[in-house]
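K.L.:
Listed in order, the protein sequences are those of chains A and B.
No gaps in the numbering here: position 12 of the first sequence is 28 in our numbering, and each next residue is one more.
No gaps in the numbering here: position 108 of the second sequence is 124 in our numbering, and each next residue is one more.
Here it is, the structure, as structure tokens.
2 protein chains.
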Amino acid sequence: MQRDLPPLNALRAFEATARLESVSQAAQELHVTHGAVSRQIRVLEDDLGSALFRRQGRGLVLTPAGQRLRDASAAAFAQLRDACEQLRGHAAQTPFVLGCPVSLLTRWMIPRLERLMAELPELNLHLRPQEIPFDEALTGLDAALLAAAPPWPAGWHVFPLARERIGPVLSPRFAQTHGLLHSDPSAVLGQRLLHTASRPHAWQSWMESQHLPMEKLHFSQSYPHLYHLIEAAVAGLGVAIAPAQMVADDLASGRLLAPWGFQDTAAQWVLAVPSRAPTSRLMPLATWLEAEFTAHEKLPAANGQR
Amino acid sequence: MQRDLPPLNALRAFEATARLESVSQAAQELHVTHGAVSRQIRVLEDDLGSALFRRQGRGLVLTPAGQRLRDASAAAFAQLRDACEQLRGHAAQTPFVLGCPVSLLTRWMIPRLERLMAELPELNLHLRPQEIPFDEALTGLDAALLAAAPPWPAGWHVFPLARERIGPVLSPRFAQTHGLLHSDPSAVLGQRLLHTASRPHAWQSWMESQHLPMEKLHFSQSYPHLYHLIEAAVAGLGVAIAPAQMVADDLASGRLLAPWGFQDTAAQWVLAVPSRAPTSRLMPLATWLEAEFTAHEKLPAANGQR
DNA sequence: ACGACCTGTTAGAAAAACTCACCAATCCAT
DNA sequence: ATGGATTGGTGAGTTTTTCTAACAGGTCGT
């Protein structure tokens, strides 16, 4: 049978008090009031059944019993501190592996990476390109950044970052651009529409949201990745449909135009983590990403003009 | 600057779980539910920022980080356990010194001492004869047993045990006894009244409570201690006035009679302790004494006949 | 496939810890 | 000596933590 340990928090209060020979200073070190420390010491004395301090005037003197306990607890706590220090240090320098689809990585993450590293230097972020669908257990990842619609796989914990919003984009260099700029959304019907196998329903869902018929679409070549699709649009090969965030920088620089704005989809941009992962390193990243994503909410809403 | 310790209670839960390789068994050892342990481990993992267990089927496996922490915490806790064990053991075998006036000691405590020692063997009780008034700090005592009226000195913590009740007692061998047995309390007026310097007001307060005049009292010799007073009564030298508890055994055995019962005084029998003494060894004694004192409440009340 | 067994999770209840405000004692500077 | 500053102790009330109870989901053995 296991012998009983004393109340550990009381022991911590005692150790600090014994080391500093002052209740008040110990309270300061432990970030509590002196009353709390005084009480904890009382609890410990009561538990052990012997006085640990002699109250002498406005100070304290350790009793022999107190001295022995101080030595033991100081050593024990030092050992625990060392071990935890080591673990924490090791955990801190382990890279935080973030899975991310190549399209997002290329067009959104990389332009922001330097700033992210500067603002969260402790994170030691490593990006791992990885396409949707993600492994259910997120094997080898500390987190994944992706756009997806609920329901989420069991075993994920999901931080919503922003609604996904998509819309048609085209280059100023595209031959028909001038005629399209002030037209209805229906004007896209006759254009060369670029699309990607990774988002086969993008045009369909946008057309539905605009109440346009789908039969008259003129699909051009299909691109394997969203990344290529957007590059094709930038090159003026036709009208692409893309999530707002992934063309934000191109819109800002004028390389792309979005005459009909963007439209919410059922999907969201989320940060997904295995449900029982430690949260301490996660929260700063989640916060940063959310801020960065919502900073783009200033992009034109659906039907907005640019 | 002091580095931070991990949450200690969480660490204790982890240590038990790691040692037993089971959340459920650890919960059993710690006398909590498995949910509590599971949660504590989660808190610790979160605090340290690294997983300590790999959940594998219905069991647990320590991660390398967990193993290191287990070794460190097992050693640290063992050290603390040892030290506290030693302190507790030392405290337990230190005698518990109970100050007690000789009268009470002789006539009440000693007859019950064997039973007390048998029922509270861990207490290691030492009686120290000591007369009222007691030192305000109760120097050298763990507690004091005495009859006194409030207010109590500052720095005492007082466990009330029973009201003090006093009444006249006399021996069957006393010459006038037969005539007194069925008389009014006023019959004492003409008798030889025994009294003691240690309680000069005893007769006075009793007479007042009976609404009898005090002028006609025939005081006999004064005895230095209550103890002698009672012995004088037993010897048939006159009528003594004594607290109920101190003649209880004599009444039971017939060596003394209390024809007019007993009367509450302003005083109480109390167990007094220095206010910041540890309570763990105290409570069993206080409980035992209270039970023993109130067991005598069955003695005849004031005006009751015997 | 089923029950036995184990761990994780949640809301709400219970317990522990803390703060605040006060007191008493001591020390120190005037 | 006296009044202010500092220190420790205490009690009431509140906040925070921890625990329980009940359920969910997975794995193992039969």
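No residue lacks a Cβ here, since even glycine has one placed at the ideal position from N, Cα and C.
Applying the criterion that 16 or more other CB atoms from any shown protein chain within 10 Å of the CB defines a buried residue, is P117/B buried or exposed?
P.N.:
buried
K.L.:
Output, in sequence order along the chain, the residues in the stretch 273-300 of chain B whose CB is closer than 9 angstroms to any CB in chain A.
P.N.:
Per Cβ criterion, the list reads R292, A293, P294, T295, S296, R297.
K.L.:
Are the CB atoms of L24/B and N140/A within a distance shorter than 8 angstroms?
P.N.:
no
K.L.:
Taking the beta carbon of I246/A as the centre, do at least 16 other beta carbons fall within 10 Å, making it buried, or is it exposed?
P.N.:
buried
K.L.:
Specify the secondary structure class of F69/B as computed by DSSP and reduced to three states.
P.N.:
The answer is strand: DSSP assigns F69/B an E or B state.
K.L.:
Whose CA, out of G270/B, A268/B, S269/B, Y239/B, lies closest to the CA of I257/B?
P.N.:
Y239/B
K.L.:
Please tell me whether P176/B has its Cβ less than 8 angstroms away from any Cβ of chain A.
P.N.:
no
K.L.:
According to DSSP, is V48/A helix, strand or coil?
P.N.:
coil
K.L.:
At 8 angstroms on the CB atoms, spell out the chain B contacts of C116/A, in chain order.
P.N.:
Within chain B, no residue comes near C116/A; the closest Cβ sits about 22 angstroms away, beyond 8 angstroms.
K.L.:
Using a Cβ-Cβ distance cut-off of 8 angstroms, determine whether Q95/A contacts chain B.
P.N.:
At least one chain B Cβ lies under 8 angstroms of Q95/A.
K.L.:
When we look at the beta-carbon of M299/B and count the other beta-carbons within 10 Å, is it buried (16 or more) or exposed?
P.N.:
exposed
K.L.:
Taking the alpha carbon of Y243/A as the point to measure from, which residue in L36/A, R74/A, T122/A has its own alpha carbon closest?
P.N.:
T122/A
K.L.:
Below 8 angstroms between beta carbons is the criterion; list the residues of the stretch 46-71 of chain B that meet it against any residue of chain A, in chain order.
P.N.:
Answer in chain order: R58, E61, D62, D63, L64, G65, S66, A67, R71.
K.L.:
How many whole angstroms separate the CB atoms of D266/A and V289/A, which I take to be in contact at a CB cut-off of 8 angstroms?
P.N.:
D266/A to V289/A, Cβ: 30 angstroms. No contact.
K.L.:
Check whether the Cβ atoms of W276/B and P229/B sit closer than 8 angstroms, and answer yes or no.
P.N.:
no
K.L.:
Leaving out five residues on either side along the sequence, give the residues of the same chain with a beta carbon under 7 angstroms from the beta carbon of N138/A.
P.N.:
Sequence inspection shows Glu at residue 138/A; the Asn mentioned does not correspond to that position. Answer for E138/A: A108, listed in chain order.
K.L.:
Which same chain residues, not among the five before or five after P169/B, have their C-beta less than 8 angstroms away from its C-beta?
P.N.:
E152
K.L.:
Using only alpha-carbon positions, find the residue among L68/A, A283/A, E130/A, G156/A that is nearest to R144/A.
P.N.:
When only C-alpha atoms are compared, the closest one is G156/A.
K.L.:
Less than 8 angstroms between the C-beta atoms of W285/A and A94/A, yes or no?
P.N.:
Going by C-beta atoms, W285/A is not nearer than 8 angstroms to A94/A.
K.L.:
Entirely within the stretch 207-277 of chain A and at least 4 residues each: give me those alpha helix (DSSP H) ranges in chain order.
P.N.:
Segments of the alpha helix (DSSP H) lying fully in the stretch 207-277 of chain A: 218-225, 242-250, 260-269.
K.L.:
Just the Cα atoms here: how many angstroms apart are S54/A and A311/B?
P.N.:
39 angstroms
K.L.:
Which same chain residues end up closer than 6 angstroms to Q56/A when comparing Cβ atoms and leaving out the 5 residues on each side of it in sequence?
P.N.:
By the criterion of a C-beta distance shorter than 6 angstroms, Q56/A is surrounded in its chain by A26, A29, once the five residues flanking it on both sides are discounted.
K.L.:
Give me the subset of the stretch 153-167 of chain B whose CB atoms are less than 9 angstroms from a CB atom of chain A, sorted by chain position.
P.N.:
none
K.L.:
Is the Cβ-Cβ distance between S296/A and G65/B less than 8 angstroms?
P.N.:
yes
K.L.:
Rounded to a whole number of angstroms, what is the C-alpha to C-alpha distance between L78/A and R271/B?
P.N.:
54 angstroms
K.L.:
Would you mind sorting A191/A into buried or exposed? The rule is 16 or more other CB atoms within 10 Å of its CB.
P.N.:
exposed
K.L.:
Take S38/A and list the residues in its own chain whose beta-carbon comes closer than 8 angstroms to its own, dropping the five residues that flank it on each side.
P.N.:
These residues qualify, in order along the chain: G75, L76.
K.L.:
Measure the alpha-carbon distance for S5/B versus L120/B and round it to whole angstroms.
P.N.:
Within the shown structure, residues of chain B are numbered from 17 to 322, placing residue 5/B beyond reach of any answer.
K.L.:
Quick one: what's got a C-beta closer than 7 angstroms to L46/B's C-beta in the same chain, skipping five residues either side?
P.N.:
A29, A32, V53
K.L.:
Report yes or no: is there a C-beta of chain B within less than 8 angstroms of the C-beta of A34/A?
P.N.:
no
K.L.:
Applying a beta-carbon distance threshold of less than 9 angstroms, which residues of chain A neighbour E101/B?
P.N.:
R19, D20
K.L.:
Could one say the Cβ of A92/A lies closer than 8 angstroms to chain B's Cβ atoms, at least one of them?
P.N.:
yes
K.L.:
Quick check: what's the CA-CA separation for A268/A versus L154/A?
P.N.:
34 angstroms
K.L.:
From this set, L197/B, A67/B, R97/B, V204/B, which residue's C-alpha is nearest A231/B's C-alpha?
P.N.:
Checking the displayed sequence, the identity of residue 231/B turns out to be Glu instead of Ala. Checking every option, the nearest Cα to that of E231/B belongs to V204/B.
K.L.:
Please list, in chain order, the residues of the stretch 77-91 of chain A that have any C-beta partner in chain B closer than 7 angstroms.
P.N.:
A81, R84, L85, A88, S89, A91
K.L.:
Nearest-angstrom Cα distance between R97/A and Q83/B?
P.N.:
If I take the Cα positions, the gap works out to 16 angstroms.
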